[in-house]
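For reference, the structure discussed in these notes is given below.
Residue numbers (our numbering): 6 to 176.
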């Protein structure tokens, strides 16, 4: 590993049925996450375990579970889970449609990482590092110039939280 921390994200968007074997299950994901923390940390304490990014555009329906309901269910299932992990992954997309301007700040925007981290802190008392592992605007809806101005605005005004470790746009 090129760094001391051996970063590992445990799965992707488990709040979406299609990403989680057909039926999203917060308790099942939490159990696997808990096991992964123990398994990796027993191999080497330098493993830095990051929870899966959740689909911030998902509603609770037959296809998915809203990310905040999913996080609450994780905390109910295992109240210590957020104390065991080292960081959280966030998919802070500008929803709906990957096209909202950066000044739209709500639970389904590029600022959704704030809502996730505040919720996790309210459950665990832990202020975890944030890895925005998916974000970005769609070229199907916006010009390159608009997207560039949105990134400039986001990096200057929204993604300034000192707990953010990385921002990796999904291209």
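In this text, a Cβ means the ideal position worked out from N, Cα and C, and glycines have one as well.
If residue 18 and residue 58 are in contact, beta carbons under 8 Å, what's the gap, nearest whole angstrom? 6 Å
Just to confirm the assignment, what range does the beta strand (DSSP E) spanning residue 140 have? No beta strand (DSSP E) contains residue 140, which DSSP labels as neither H nor E.
Let's see if you can read the secondary structure: which residues bound the beta strand (DSSP E) around residue 13? 11-15
Do residue 48 and residue 15 have their C-beta atoms closer together than 8 Å? no
Quick one: residues in its chain with C-beta nearer than 7 Å to the C-beta of residue 29, no 5 flanking neighbours on either side, listed in chain order? 19, 20, 21, 22, 69, 70
Residues sharing a beta bridge with residue 77, DSSP: Answer is none; residue 77 lacks a bridge partner.
Please classify residue 98: is it buried, with 16 or more other beta-carbons within 10 angstroms of its beta-carbon, or exposed? buried
One question on the structure: do residue 92 and residue 136 come within less than 8 Å of each other, judged by their Cβ atoms? yes
Just verifying my parser: in three-state terms, what is the DSSP assignment at residue 170? strand
Compute the Euclidean distance between the alpha carbons of residue 143 and residue 52, then round it to the nearest angstrom. 33 Å
In whole angstroms, give me the CA-to-CA distance for residue 169 and residue 146. 27 Å
Are the Cβ atoms of residue 163 and residue 115 separated by less than 8 Å? yes
Expressed to the nearest angstrom, what Euclidean distance is found between the alpha-carbon atoms of residue 85 and residue 157? 37 Å
Rounded C-beta distance between residue 79 and residue 35? I'm assuming under 8 Å. 5 Å
C-beta neighbour in chain D for residue 121, strict 8 Å: The structure shown has no chain D; it contains just one protein chain.
In the structure shown, what three-state DSSP assignment does residue 103 receive? coil
Sheet register partners of residue 118 (DSSP bridge): Residue 118 pairs with nothing; no bridge assigned.
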